[in-house]
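**Student:** Submitted below is the structure of interest, expressed as structure tokens.
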Amino acid sequence: MWYLYGFALLAGVANAVQAGQNGTLSKGLAESLVAGLVVAAGTASCILAVGLISGRLVWPTAAQALGMPWWAWFGGVLGGGIILAQFVVARQIGAAPFLGLLVTAGVATSIVLDNFGWVGFERHPASLWRILGGVLMIAGVALVALF
0 MWYLYGFALL AGVANAVQAG QNGTLSKGLA ESLVAGLVVA AGTASCILAV GLISGRLVWP
60 TAAQALGMPW WAWFGGVLGG GIILAQFVVA RQIGAAPFLG LLVTAGVATS IVLDNFGWVG
120 FERHPASLWR ILGGVLMIAG VALVALF
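Printed below as a string of structure tokens:
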């Protein structure tokens, strides 16, 4: 299972690089929304290729689709919002503050989601140590953004 942590670390590196790539793409094209469509097409192509190569691309049955909570279908919308933020915000404030805010907001939100078991997560109580870790991340981002 250790390799999953490595994959998550690589995704974090990719997130940092992607913010710069997407910002450059947005700046070079006439409209940020066109850049967003290019990024979405790249994302869909990557997932399609991996799904086809691995043989794990299977469309859901009607029962599976209908059994899904309504909110589960909107993850792509949130992903689109993240990409739009990369286009607009990342190049203006810089990679470090942008990703620091993105990750810290994600950690703080995840502490709440885990504590209550919302949006499909197992419950993991918000212990003092988890909260302290979140506070330290907020302080770290403040230092990165200010200096």
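Here the sequence shown is numbered in numbering that gives the first Met the number 0, starting from 0 and rising by one per residue. For glycine and all other residues, C-beta sits at the position ideal for the given N, C-alpha and C. Note that the structure is predicted; figures quoted are calculated from it, not measured.
Leaving aside the five residues before and after residue 130 along the sequence, list all residues of the same chain whose C-beta is less than 8 Å from its C-beta, in chain order.
**Tutor:** 110, listed in sequence order.
**Student:** Should residue 101 go down as buried or exposed, given a rule of 16 or more other Cβ atoms within 10 Å for buried?
**Tutor:** Buried.
**Student:** To the nearest angstrom, report how far apart residue 23 and residue 138 are at their CA atoms.
**Tutor:** Taking the straight line from one Cα to the other gives about 29 Å.
**Student:** Which one of 141, 38, 5 and 2 has the shortest CA to CA distance from residue 83?
**Tutor:** It is 38 whose Cα lies nearest to the Cα of residue 83.
**Student:** Is the Cβ-Cβ distance between residue 106 and residue 97 less than 7 Å?
**Tutor:** Cβ atoms of residue 106 and residue 97: not closer than 7 Å.
**Student:** Check whether the region 120-127 and the region 55-73 touch, using three or more Cβ-Cβ pairs below 8 Å as the test.
**Tutor:** The answer is no - the region 55-73 does not touch the region 120-127, with fewer than three Cβ pairs under 8 Å.
**Student:** Along the chain, where does the alpha helix (DSSP H) containing residue 138 start, and where does it finish?
**Tutor:** Here the alpha helix (DSSP H) through residue 138 covers 127-145.
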